[in-house]
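First residue of the sequence shown? That's 1 in full-length UniProt numbering, and the numbers climb one at a time after it. Ideal Cβ placement from N, Cα and C applies to all residues, glycine included.
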Amino acid sequence: MQSRLQQIQWDHQIFNEEIEPEHEAKHMLTCPCDVHQYKIRKQNRVAVLKMWSEAVMYPGEKYYHDCYYSQQIWNNNPYARIITPYGPVGRIRQKPEARYHARWLVETIRLNSSLNATAQRIANQYEPTANIWEVEEEPVAANDGEGSDTAHNRSDSLKPSILTQMRRSLSLRSSEEREAARQAKRKADYRELRDAILVEEAGRWPDPEFRRIVTEYQDRLGLTQHIVSLRVHRPMQYLHLLRAGYFEPIPVAWAKQNSNPLKFRIEAAEGWRGITPTWRGYENTAEERLYWVLNHRFESTNGTESRQWLKPDVISALEMARTRMTTAVDLPPVYEALDDICQTQNTSAVGYSRQVMPSPLRAVDAPELPTDNTMILLDVSGSMDFDPVRPSYEQYMVARYERTMQPKNKDVAKAVIRRFTDTLATHDQNREGYQLVTFANKAASMGYINHRNFASVWSQITVGGGTRVMAGWQQVKDLHFQRHAAFATYHEVYGWQAGPQMPILRLLLLLDGEATDMDEFELELLSLSWVHVTIFLIGADGCPHHHRHANELQRISEVNPHVAFVDAQGNTPERYVTHELLKRHLGYEVTLSEFEEWERSAPPAYETSL
Numbered sequence: 001m002q003s004r005l006q007q008i009q010w011d012h013q014i015f016n017e018e019i020e021p022e023h024e025a026k027h028m029l030t031c032p033c034d035v036h037q038y039k040i041r042k043q044n045r046v047a048v049l050k051m052w053s054e055a056v057m058y059p060g061e062k063y064y065h066d067c068y069y070s071q072q073i074w075n076n077n078p079y080a081r082i083i084t085p086y087g088p089v090g091r092i093r094q095k096p097e098a099r100y101h102a103r104w105l106v107e108t109i110r111l112n113s114s115l116n117a118t119a120q121r122i123a124n125q126y127e128p129t130a131n132i133w134e135v136e137e138e139p140v141a142a143n144d145g146e147g148s149d150t151a152h153n154r155s156d157s158l159k160p161s162i163l164t165q166m167r168r169s170l171s172l173r174s175s176e177e178r179e180a181a182r183q184a185k186r187k188a189d190y191r192e193l194r195d196a197i198l199v200e201e202a203g204r205w206p207d208p209e210f211r212r213i214v215t216e217y218q219d220r221l222g223l224t225q226h227i228v229s230l231r232v233h234r235p236m237q238y239l240h241l242l243r244a245g246y247f248e249p250i251p252v253a254w255a256k257q258n259s260n261p262l263k264f265r266i267e268a269a270e271g272w273r274g275i276t277p278t279w280r281g282y283e284n285t286a287e288e289r290l291y292w293v294l295n296h297r298f299e300s301t302n303g304t305e306s307r308q309w310l311k312p313d314v315i316s317a318l319e320m321a322r323t324r325m326t327t328a329v330d331l332p333p334v335y336e337a338l339d340d341i342c343q344t345q346n347t348s349a350v351g352y353s354r355q356v357m358p359s360p361l362r363a364v365d366a367p368e369l370p371t372d373n374t375m376i377l378l379d380v381s382g383s384m385d386f387d388p389v390r391p392s393y394e395q396y397m398v399a400r401y402e403r404t405m406q407p408k409n410k411d412v413a414k415a416v417i418r419r420f421t422d423t424l425a426t427h428d429q430n431r432e433g434y435q436l437v438t439f440a441n442k443a444a445s446m447g448y449i450n451h452r453n454f455a456s457v458w459s460q461i462t463v464g465g466g467t468r469v470m471a472g473w474q475q476v477k478d479l480h481f482q483r484h485a486a487f488a489t490y491h492e493v494y495g496w497q498a499g500p501q502m503p504i505l506r507l508l509l510l511l512d513g514e515a516t517d518m519d520e521f522e523l524e525l526l527s528l529s530w531v532h533v534t535i536f537l538i539g540a541d542g543c544p545h546h547h548r549h550a551n552e553l554q555r556i557s558e559v560n561p562h563v564a565f566v567d568a569q570g571n572t573p574e575r576y577v578t579h580e581l582l583k584r585h586l587g588y589e590v591t592l593s594e595f596e597e598w599e600r601s602a603p604p605a606y607e608t609s610l
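Pasting the structure below:
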């Protein structure tokens, strides 16, 4: 369905993914246009939507959808009351208008915020008012062994009064009896909730090894304190998140699947829900879980709660991207090089593009050790081979795309990898090269790449497909742990588990946009201490989409000290990029003179077997 929607949007020149095509006709069910055929397919999935909603809804919430073929007055869709990006709709195929789109965004953002606050308040109201872990067990009737005469005498003494018998015969109960019945019912509900939690925990973590891995995962994320509090004070929400897998590592099988519970899209206007009460506004369930973790982590470094990380809405994200664009500056001439790809491919190019300076180096991890393992993970999705373009906006709506005069992203990546590997090999005297893994829809290990075999290895790379970084990351992990298997164990559900002596994996990740499962990747990195990732983001000159994604990666690098980030746009000064990447990859402030000395030195003689 998502692929079909993207194709229809492209056919109708709609470039904002949040805008669905519209077309009104007198006979909608018989209209042969692609828009109505898509909506009919949506209608056929209403049963699935209802099934998903019933699985994730909290008490007090109501199911709804946006399929107008079966719209009823009791559909309860709150988004049906706001304007559409099309404004007044006529009987012809329409295009969205920027002014209506802006109003629609504002109204949607306000409604999301209001509904999230209401949903969280209602979810809290449905929580038990007492500690379910302190409720006594239900008493069990037992024969105390007394004689029948004694029991008869006791029953006579406890015989109810005539007034009480009359109330019971008329089904009338006193206020004390009604309150006692309510208390008994409440305690029974508490015991049922408690038992459901215990059964779910035992089923998910059946043995000490499971529980050890889960406990360590919660500790590394800084979630232990919040999860304990949630289990005691918000047990209903605890059970909901427990069933969604929020308290345990991501299963290794999910990384290899085209769809998993972290890839489900969230569409508030259509009724496709998330997991937490405040799910509205997120793109998918992975992003929702990522921000839930960020907002509930306990910072062990200073003993205080981490600050709130609010996901920027569409308008705020675009405005922040535009602000970031204005901070770009000219780079020092010392980094100029006549053999840069932007100079050799386009001799008429006038200088380099202005660049946004990266954040100062934050050397939290220890500098590189001889035992560390350097690997390269390269995005080879179809966009790497596209002619670079940037969007032209009308307010918050993309009107068209414009070509930018710069090399293709794959050519920039190739040039930077060549400079990076040559310089790094000189520094650490690496005689075998560095393992290269590519990813698109699937991952592929290209073996070791070095100065001598660079051209032959690169010629084997195939560009095309989607951008599934988790597929590549899983391949990288497998290679790293196979190489250092003596320091790790393998779990049937959660995959490789690093031991305390596991050598550090230093990963250089190159990509040109947001991967479909980037949030899932960032979520997993938060729980790992044995990996240091340096991300290089390539983008078109003056592209707000590039800077929006750069802001997202910058936020992750601020939260996770094991992630560093560098980006470049347009005609890229490769030596500058390489220098900044080496600083972050090696974990210390590499001076310019040191960098230039590595450049001048010849790479070491590589192993002939490679």
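Residue i, enclosing alpha helix (DSSP H) - first and last residue
i           : result
residue 3   : 2–11
residue 77  : From DSSP, residue 77 is part of no alpha helix (DSSP H); its letter is neither H nor E.
residue 315 : 314–325
residue 458 : 454–459
residue 486 : Counting along the chain, residue 486 falls outside any alpha helix (DSSP H), and DSSP gives it neither H nor E.
residue 82  : Residue 82 -> no alpha helix (DSSP H), and no H or E assigned at all.
residue 342 : 341–345
Distance between residue j and residue i (C-alpha atoms, nearest Å)
i           : j           : result
residue 474 : residue 309 : 27 Å
residue 282 : residue 457 : 40 Å
residue 226 : residue 297 : 7 Å
residue 222 : residue 229 : 13 Å
residue 4   : residue 23  : 16 Å
residue 302 : residue 344 : At residue 302, the pLDDT of 46 sits below 50, so the modelled position is not reliable; the number obtained from the coordinates is stated separately. Approximately 50 Å between the Cα atoms of the pair.
residue 154 : residue 224 : Any reading at residue 154 needs caution, since the residue's pLDDT is 47, under 50, leaving its predicted position unreliable; the model's value is listed next. Distance between the alpha carbons of residue 154 and residue 224 is about 53 Å.
residue 520 : residue 290 : 8 Å
residue 394 : residue 15  : 12 Å
residue 410 : residue 417 : 10 Å
residue 324 : residue 552 : 12 Å
residue 510 : residue 365 : 21 Å
residue 91  : residue 11  : Unreliable placement is indicated for residue 91, whose pLDDT of 48 sits below 50; the coordinate value is still reported in the next sentence. Whole-angstrom Cα-Cα distance: 19 Å.
residue 547 : residue 439 : 23 Å
residue 137 : residue 217 : 32 Å
residue 288 : residue 262 : 9 Å
residue 275 : residue 566 : 33 Å
residue 29  : residue 9   : 20 Å
residue 609 : residue 430 : Below a pLDDT of 50, predicted positions are generally treated as unreliable, and residue 609, at 43, falls in that range; no measurement from the model is reported.
For residue j and residue i, believed in contact at Cβ under 8 Å, the rounded distance
i           : j           : result
residue 384 : residue 476 : Going by Cβ atoms, the distance from residue 384 to residue 476 rounds to 18 Å, so no, they are not a contact pair.
residue 583 : residue 361 : 5 Å
residue 421 : residue 449 : 6 Å
residue 239 : residue 192 : No, residue 239 and residue 192 are not in contact; Cβ-Cβ is about 11 Å, not under 8 Å.
residue 390 : residue 269 : About 28 Å; that fails the 8 Å criterion.
residue 86  : residue 97  : 7 Å
Secondary structure of residue i, DSSP reduced to three states
i           : result
residue 259 : coil
residue 503 : coil
residue 515 : coil
residue 58  : coil
residue 203 : helix
residue 36  : helix
residue 595 : helix
residue 431 : coil
residue 91  : Because residue 91 carries a pLDDT of 48, less than 50, the predicted location of this residue cannot be relied on, and the following value inherits that uncertainty. Three-state DSSP puts residue 91 in coil, outside helix and strand.
residue 102 : helix
residue 254 : helix
residue 446 : strand
residue 438 : strand
residue 495 : strand
residue 451 : coil
residue 272 : strand
residue 48  : helix
residue 43  : helix
residue 308 : coil
residue 419 : helix
residue 265 : strand
Opening and closing residue of the beta strand (DSSP E) in which residue i lies
i           : result
residue 403 : 397–403
residue 373 : 373–379
residue 406 : Note, residue 406: premise wrong, no beta strand (DSSP E); not H, not E.
residue 392 : 389–394
residue 286 : Residue 286 -> not in any beta strand (DSSP E); alpha helix (DSSP H) instead, spanning 285–296.
Any C-beta of chain D under 8 Å from that of residue i
i           : result
residue 562 : The structure shown contains no chain D; it holds only a single protein chain.
Unbroken alpha helix (DSSP H) runs of length 4 or more, entirely within the stretch 534–604: which are they? Complete alpha helix (DSSP H) runs here, min 4: 544–559, 574–586 and 592–600.
Run through the stretch 176–242 for me and flag every whole alpha helix (DSSP H) of 4 or more residues, listed as ranges in chain order. Here the runs fully enclosed are 208–221 and 224–233.
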